[in-house]
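Residue numbers (the numbering used here): 34 to 324.
Glycine included, each C-beta is placed from N, C-alpha and C at the ideal position.
For clarity, every value in this text was computed on a predicted model and none was experimentally measured.
To keep things clear, I will list the structure first and then write my remarks on it.
The structure is reproduced here in structure tokens:
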């Protein structure tokens with residue numbers, strides 16, 4: 034069987050471990066990046082190369098969470114460009130307002146958000162959530178927004194994508210309050226404790242595993258084997274939080290392969306089985322078509 038061609042990453046070849054494991058497309062042909070801000074300005078200069086590198090490692094779907102109401106137009110522009118690259122990678126849009134967008138006194142236009150999320154080409158609600166890292170001045174506004182996003186997700190039966198930074202208890206409390214059997218979604222960029230992971234899963238959430246998982250001081254590796262693999266998703270959160278060995282640099286969809294390998298090692302399973310399971314998880318949660 035022919036060796037899998039490996040394109041260079043900013044002049045750096047994939048490590049020998051990846052050269053060994055990513056030998057063919059046969060097992061990695063449906064790797065899914067479930068959280069990537071591909072439409073932001075960081076990718077303006079080399080979007081085609083980013084697309085080709087993602088194709089090289091077997092990415093076939095990239096899910097784009099919104100940051101603001103302006104995100105959808107940016108996503109549409111990116112999709113039009115992307116189609117010209119003919120990589121076979123499918124881009125998917127979400128609609129929502131990131132918690133860091135809120136300022137004291139802001140109000141959410143619920144009807145506008147509902148209308149945008151209702152569109153057939155919107156696969157999920159978000160990203161939404163809570164963030165107390167930068168400021169707590171607009172926590173009431175963040176909570177109101179989260180409440181509305183969760184309600185809309187339930188009513189439209191679309192998954193919700195949750196951001197969390199230093200607000201775990203408040204976030205999970207709100208999810209618990211809203212959970213009536215209809216709420217489904219993912220805690221993206223999961224960095225919580227084992228107990229918090231269990232609570233989130235019990236509340237119907239998946240856990241998004243991204244570049245932070247590859248960092249040296251990440252606690253999640255210590256208990257990830259205790260978590261059901263059926264509830265884990267792969268993501269990049271590109272252009273942010275690039276995995277080792279690119280930590281501190283711009284992240285991109287192809288780097289999901291590094292997180293996948295690190296997660297497979299921690300779970301003591303093959304990369305092939307890890308990719309197959311996390312891909313099926315993403316297909317199940319977001320209603321994607323295989324391939």
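Answer yes or no: does any C-beta atom of chain B fall closer than 8 Å to that of residue i?
i: residue 139; result: Looking at the structure shown, chain B is missing, and only one protein chain is on hand.
Would you tell me roughly how many angstroms separate the C-alpha atoms of residue i and residue j, rounded to the nearest one?
i: residue 245; j: residue 201; result: 17 Å
i: residue 214; j: residue 82; result: 42 Å
i: residue 216; j: residue 274; result: 28 Å
i: residue 281; j: residue 181; result: 34 Å
i: residue 163; j: residue 120; result: 35 Å
i: residue 331; j: residue 196; result: Nothing can be reported for residue 331, as the shown portion of the chain is limited to 34 through 324.
i: residue 210; j: residue 236; result: 10 Å
i: residue 224; j: residue 303; result: 23 Å
i: residue 300; j: residue 133; result: 33 Å
i: residue 72; j: residue 255; result: 34 Å
i: residue 52; j: residue 258; result: Confidence at residue 52 is low in this model, with a pLDDT of 49, below 50, so the placement of that residue should be treated as unreliable; the coordinate-derived value is given next. The straight-line gap from Cα to Cα measures roughly 25 Å.
i: residue 220; j: residue 99; result: 15 Å
i: residue 207; j: residue 117; result: 42 Å
i: residue 156; j: residue 285; result: 21 Å
i: residue 66; j: residue 173; result: 31 Å
i: residue 293; j: residue 305; result: 10 Å
i: residue 234; j: residue 75; result: 33 Å
i: residue 84; j: residue 205; result: 35 Å
i: residue 111; j: residue 283; result: 18 Å
Report the option in the options whose CA atom is closest to the CA atom of residue i.
i: residue 79; options: 272, 315, 304; result: 272
i: residue 131; options: 150, 141, 160; result: 160
i: residue 140; options: 155, 94, 177; result: 177
i: residue 145; options: 101, 107, 136; result: 101
i: residue 122; options: 96, 175, 137, 75; result: 96
i: residue 143; options: 279, 84, 179; result: 179
i: residue 149; options: 110, 231, 106; result: 106
i: residue 86; options: 74, 104, 173, 64; result: 64
i: residue 128; options: 114, 171, 109; result: 109
Apply the 10 Å Cβ neighbour rule to residue i and answer buried if 16 or more other Cβ atoms are within range, or exposed otherwise.
i: residue 241; result: buried
i: residue 243; result: buried
i: residue 249; result: exposed
i: residue 261; result: exposed
i: residue 154; result: exposed
i: residue 166; result: exposed
i: residue 169; result: exposed
i: residue 253; result: buried
i: residue 295; result: buried
In the DSSP output, which residue or residues are listed as bridge partners for residue i?
i: residue 241; result: 266
i: residue 157; result: 127
i: residue 328; result: In this structure the chain extends from 34 to 324, so residue 328 is not present and cannot be described.
i: residue 162; result: 196
i: residue 220; result: 195, 240
i: residue 259; result: In DSSP, residue 259 forms no bridge with anything.
Cβ-heavy atom distance between residue i and the ligand NAD below 7 Å?
i: residue 137; result: Judged by which ligands are present, the structure shown has none, so any question about the ligand NAD falls away.
Cβ contact (3+ pairs, closer than 8 Å) linking the segment 80–99 and the segment 276–294: yes
The segment 250–270 contacting the segment 304–312, beta-carbon criterion three pairs below 8 Å: yes
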